[in-house]
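Enquirer:
In the working numbering, the protein residues as written are 40 to 620.
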């Protein structure tokens with residue numbers, strides 16, 4: 040973004056001031072029932088986007104509630120006023136109904152801030168203040184349900200609308216989702232380019248430099264921007280959105296795009312793709328539905344059905360036939376219901392296997408997938424054959440094209456990283472409730488050798504992979520084992536002893552017999568995994584039980600029948616489907 044010269048800023052400020060003088064009509068008190076927040080000053084916003092930006096953010100409302108309880112509700116100071124737009128015709132009617140006001144272009148009364156009495160069922164369009172009003176409604180008696188409004192007549196420029204909306208909201212922290220939507224709208228603006236750049240700078244000034252960089256990268260067409268933008272019209276999702284640099288650092292852009300498309304496809308499917316119903320997908324609805332799987336879990340289906348019948352879900356849809364169609368679509372959901380919140384939680388898990396995958400490809404690769412494409416080589420003996428891993432030591436052959444070989448191979452290497460990331464990265468599964476702190480483990484050289492050997496078998500060749508293959512893995516394991524048993528600051532171990540241990544480890548590995556792995560079901564008779572355990576990094580016990588089953592045939596399968604709840608293996612399979620399809 041280019042810097043703006045001071046004279047350009049001065050010119051824009053002059054235009055704003057002239058607009059302000061022309062359209063400002065005065066400061067009045069207006070009852071809550073006449074304040075409308077469902078519109079947004081951005082000209083490029085769709086109807087659903089406008090609803091998205093004008094729904095109260097519950098976190099912000101809670102902060103204001105606490106502040107109002109401690110400091111009481113301050114409405115008179117200019118910084119607390121709400122800017123709003125009124126039509127000339129409605130203004131004339133309201134003045135006629137309001138004692139002590141005169142029609143001379145500006146609103147003046149006998150009191151410092153007079154009340155403007157609007158006719159029944161009429162409203163002014165507020166540019167900010169939805170959180171203040173929502174919080175005040177919970178604390179004030181109905182007789183005091185009013186706020187101080189700075190009133191502007193229709194016709195004021197879009198630049199002034201945007202400036203007013205942001206100026207009056209400086210004391211409120213926008214959510215990441217609100218900032219993203221505003222920034223995207225400014226980029227799409229077809230109006231004056233300098234004005235748009237000025238608005239962007241004003242908005243970005245709210246962010247930490249790291250978040251500014253992340254926002255620009257997320258908007259990049261080479262990364263996530265177009266896919267995220269598909270969800271602009273679904274308002275209830277955006278409170279879970281985060282401007283997250285760590286997600287971008289994973290280089291798993293194709294997987295992220297697939298997950299975001301999965302969110303879009305799921306929620307549009309509930310309303311049969313009808314754009315006029317997308318705005319009815321509220322935050323309340325998303326919060327209540329995410330991470331349930333009504334197609335397979337009887338507990339989940341029953342819980343959602345009760346909330347649907349009481350209209351906690353899709354409360355804005357009142358037509359009985361439309362509601363029945365929506366419910367019919369909901370109960371067919373075969374995966375965990377996704378959202379932006381689940382996406383960013385699941386990225387906390389994916390970034391650990393991604394750390395492993397990035398070690399196999401050239402550092403210059405734009406993404407993990409493009410890097411793996413670059414190093415894939417089909418060998419003549421394997422032409423027309425795909426190797427499918429069924430356990431750590433067994434494979435089956437199936438016929439397949441070159442594209443199949445790459446795709447199956449790519450996913451299976453990811454699954455190796457999903458099984459073994461705690462032995463290959465500094466991270467570990469989440470602690471169970473009664474666990475002590477989990478010890479920090481050293482990277483296991485056997486696992487790195489294992490993933491490199493698997494990659495080569497499946498047709499992937501790179502200097503990085505060859506380095507892991509060529510490493511003296513048993514010698515490294517021996518040194519690591521002795522280093523853990525004997526403090527190297529206190530003991531010297533003869534090299535001959537290290538070599539003897541390495542040879543012994545190699546013999547043990549060569550003679551080891553794979554043990555029988557007991558099956559793990561996708562569904563359970565009880566309620567299954569709790570909702571809080573269905574996203575993000577897995578918990579220790581769940582991971583220890585599921586990791587032996589994270590192979591392509593198992594993780595790509597569906598439950599054979601419904602159950603009470605879903606297992607941790609189903610959770611991981613659903614997450615895999617969200618990222619990879």
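Even for Gly, the Cβ is constructed at its ideal location relative to N, Cα and C.
Throw me the rounded Cβ distance for the residue 428 and residue 590 pair, which I believe falls under 8 angstroms.
Expert: For the purposes of this step, residue 428 is identified with residue 389 of the chain shown, where counting begins at 1. For the purposes of this step, residue 590 is identified with residue 551 of the chain shown, where counting begins at 1. Contact holds; Cβ gap of about 6 angstroms.
Enquirer: Residue 436 lies in the beta strand (DSSP E); which residues open and close that run?
Expert: For the purposes of this step, residue 436 is taken as residue 397 along the chain shown, with counting starting at 1. Counting along the chain, the beta strand (DSSP E) containing residue 436 begins and ends at 434 to 438.
Enquirer: Can you round the beta-carbon distance between residue 274 and residue 321 to whole angstroms, since I take them to be within the 8 angstroms contact cut?
Expert: By one-based count along the chain shown, residue 274 stands at place 235. By one-based count along the chain shown, residue 321 stands at place 282. Going by Cβ atoms, the distance from residue 274 to residue 321 rounds to 7 angstroms, so yes, they are a contact pair.
Enquirer: Which partner residues does residue 469 have in the DSSP bridge list?
Expert: For this step, residue 469 is matched to residue 430 along the chain shown. Answer by DSSP bridge pairing, in chain order: 578.
Enquirer: At what residues does the alpha helix (DSSP H) containing residue 215 begin and finish?
Expert: Position 176 of the chain shown, counted from the start, is the residue given in the question as residue 215. Run containing residue 215: 215 to 227, per the alpha helix (DSSP H) assignment.
Enquirer: Given residue 370, which residues of its chain have a CB within under 7 angstroms of its CB, disregarding the five upstream and five downstream residues?
Expert: Reading the chain shown from its first residue, position 331 is the one you call residue 370. Excluding sequence neighbours, residue 370 sits near 333, 334, 340.
Enquirer: Among all the DSSP beta bridges, which residues are the ones paired with residue 192?
Expert: Your numbering for residue 192 matches position 153 in the chain shown. Answer by DSSP bridge pairing, in chain order: 125.
Enquirer: Taking C-beta to C-beta, are residue 626 and residue 412 nearer than 7 angstroms?
Expert: The requested residue 626 does not occur in the structure, where the chain is confined to residues 40 to 620.
Enquirer: Does the contact criterion of 3 or more C-beta pairs under 8 angstroms hold for the region 454 to 461 versus the region 382 to 401?
Expert: With the cut-off at 8 angstroms, the region 454 to 461 and the region 382 to 401 touch.
Enquirer: Rounded to whole angstroms, what is the Cα-Cα separation between residue 183 and residue 73?
Expert: For the purposes of this step, residue 183 is taken as the residue at position 144 of the chain shown. For the purposes of this step, residue 73 is taken as the residue at position 34 of the chain shown. Each residue's Cα considered, the two are about 14 angstroms apart.
Enquirer: With three or more C-beta pairs closer than 8 angstroms as the rule, is the region 184 to 199 touching the region 160 to 172?
Expert: As far as the Cβ criterion goes, the region 160 to 172 touches the region 184 to 199, which means the pair count is three or higher.
Enquirer: Considering only C-alpha positions, which residue in the set 303, 286, 376, 292 is nearest to residue 327?
Expert: Position 288 of the chain shown holds residue 327. Minimum Cα distance to residue 327 is reached at 376.
Enquirer: In three-state terms, what does DSSP make of residue 307?
Expert: Locating residue 307 in the chain shown gives position 268, where the first residue counts as 1. Here residue 307 sits in helix by DSSP.
Enquirer: Hey, residue 620 and residue 297: beta-carbon distance below 7 angstroms or not?
Expert: By 1-based counting over the chain shown, the position of residue 620 is 581. By 1-based counting over the chain shown, the position of residue 297 is 258. The answer is yes: Cβ separation under 7 angstroms.
Enquirer: Is there contact here, the region 112 to 132 with the region 168 to 182, by at least three beta-carbon pairs under 8 angstroms?
Expert: Contact between the region 112 to 132 and the region 168 to 182 is present, because at least three Cβ pairs lie under 8 angstroms.
Enquirer: Assuming the contact rule is C-beta atoms closer than 8 angstroms, residue 512 and residue 488 should be a hit. Round their C-beta distance to whole Å, please.
Expert: Looking up residue 512 in the chain shown gives position 473. Looking up residue 488 in the chain shown gives position 449. At roughly 4 angstroms, the Cβ-Cβ gap stays under 8 angstroms, so residue 512 and residue 488 are in contact.
Enquirer: Applying the criterion that 16 or more other CB atoms from any shown protein chain within 10 Å of the CB defines a buried residue, is residue 281 buried or exposed?
Expert: Here the question's residue 281 lines up with position 242 in the chain shown. Under this definition residue 281 is a buried residue.
Enquirer: Thinking C-alpha only, which one of 592, 64, 135, 518 is nearest residue 485?
Expert: Numbered from its first residue, the chain shown carries residue 485 at position 446. The option with the nearest alpha carbon to residue 485 is 518.
Enquirer: When you compare each of 329, 546, 176 to residue 302 by their alpha carbons, which one comes out closest?
Expert: Here the question's residue 302 lines up with position 263 in the chain shown. Ranking the options by Cα distance to residue 302, first place goes to 329.
Enquirer: Per the contact definition of three or more C-beta pairs closer than 8 angstroms, is the region 303 to 314 in contact with the region 352 to 371?
Expert: A contact exists between the region 352 to 371 and the region 303 to 314.
Enquirer: Can you find the residues in the same chain that come closer than 8 angstroms, C-beta to C-beta, to residue 580, ignoring five residues on each side of it along the sequence?
Expert: For the purposes of this step, residue 580 is taken as residue 541 along the chain shown, with counting starting at 1. Counting only Cβ-Cβ distances below 8 angstroms, and skipping sequence neighbours, we find 471.
Enquirer: Does the Cβ of residue 89 have 16 or more other Cβ atoms within 10 Å, making it buried, or fewer, making it exposed?
Expert: Locating residue 89 in the chain shown gives position 50, counting from the first residue. With a pLDDT of only 44 at residue 89, under 50, the local geometry of the prediction cannot be trusted, and the value read off the model is given with reservation. Buried.
Enquirer: Should residue 216 and residue 262 be called a contact, given that it needs their Cβ atoms to be closer than 7 angstroms?
Expert: One-based indexing of the chain shown puts residue 216 at position 177. One-based indexing of the chain shown puts residue 262 at position 223. No, they are not a contact pair.
Enquirer: Let me check one thing: in DSSP terms, what residues is residue 425 bridge-paired to?
Expert: One-based indexing of the chain shown puts residue 425 at position 386. DSSP, once it has assigned bridges, lists 437 as partnering residue 425.
Enquirer: Which class does residue 74 belong to by DSSP, given the choice of helix, strand or coil?
Expert: Taking the first residue of the chain shown as position 1, residue 74 is located at position 35. Note: residue 74 maps to strand in three-state DSSP.
Enquirer: Suppose you measure from the CA of residue 614 to the CA of residue 607; what does that come to, to the nearest Å?
Expert: Taking the first residue of the chain shown as 1, we reach residue 614 at position 575. Taking the first residue of the chain shown as 1, we reach residue 607 at position 568. So the alpha carbons of these two residues sit roughly 11 angstroms apart.
Enquirer: Label residue 564 either buried or exposed according to how many other C-beta atoms from any shown protein chain fall within 10 Å of its C-beta, with 16 as the threshold for buried.
Expert: Taking the chain shown and counting its residues from 1, the one referred to as residue 564 is at position 525. With fewer than 16 other Cβ atoms within 10 Å, it is exposed.
Enquirer: What do you reckon, are the CB atoms on residue 199 and residue 55 nearer than 7 angstroms?
Expert: In the chain shown, counting from the first residue as 1, residue 199 sits at position 160. In the chain shown, counting from the first residue as 1, residue 55 sits at position 16. Taking 7 angstroms as the Cβ cut-off, residue 199 and residue 55 qualify as a contacting pair.
Enquirer: Compute the Euclidean distance between the alpha carbons of residue 526 and residue 532, then round it to the nearest angstrom.
Expert: Against the chain shown, residue 526 aligns to sequence position 487. Against the chain shown, residue 532 aligns to sequence position 493. Roughly 10 angstroms separates the two Cα atoms.
Enquirer: Counting only the same chain and skipping the five closest in sequence on each side, list residues whose C-beta sits under 6 angstroms from that of residue 173.
Expert: Here residue 173 refers to the residue found at position 134 when the chain shown is read from its first residue. Closer than 6 angstroms at Cβ, skipping near neighbours: 95, 100.
Enquirer: Can you find the residues in the same chain that come closer than 6 angstroms, C-beta to C-beta, to residue 356, ignoring five residues on each side of it along the sequence?
Expert: Residue 356 sits at position 317 when you count from the first residue of the chain shown. These residues qualify, in order along the chain: 319, 362.
Enquirer: Count the other C-beta atoms from every protein chain shown that fall within 10 angstroms of the C-beta of residue 81, then say buried if there are 16 or more, exposed otherwise.
Expert: The residue labelled residue 81 in the question sits at position 42 within the chain shown. In this predicted model, residue 81 has a pLDDT of only 41, less than 50, meaning its place in the structure is not dependable; the value taken from the coordinates is given anyway. By the neighbour-count rule (16 or more Cβ atoms within 10 Å), residue 81 is buried.
Enquirer: Please classify residue 437 as buried or exposed, where buried requires at least 16 other C-beta atoms within 10 Å of its C-beta.
Expert: Locating residue 437 in the chain shown gives position 398, where the first residue counts as 1. Under this definition residue 437 is an exposed residue.
Enquirer: Can you check which of these residues, 461, 560, 464, is closest to residue 596 by C-alpha distance?
Expert: Along the chain shown, one-based indexing puts residue 596 at 557. Nearest option by C-alpha distance: 560.
Enquirer: In angstroms with no decimal places, state the Cα-to-Cα distance between residue 63 and residue 97.
Expert: By 1-based counting over the chain shown, the position of residue 63 is 24. By 1-based counting over the chain shown, the position of residue 97 is 58. For residue 63 and residue 97, the distance between alpha carbons rounds to 31 angstroms.
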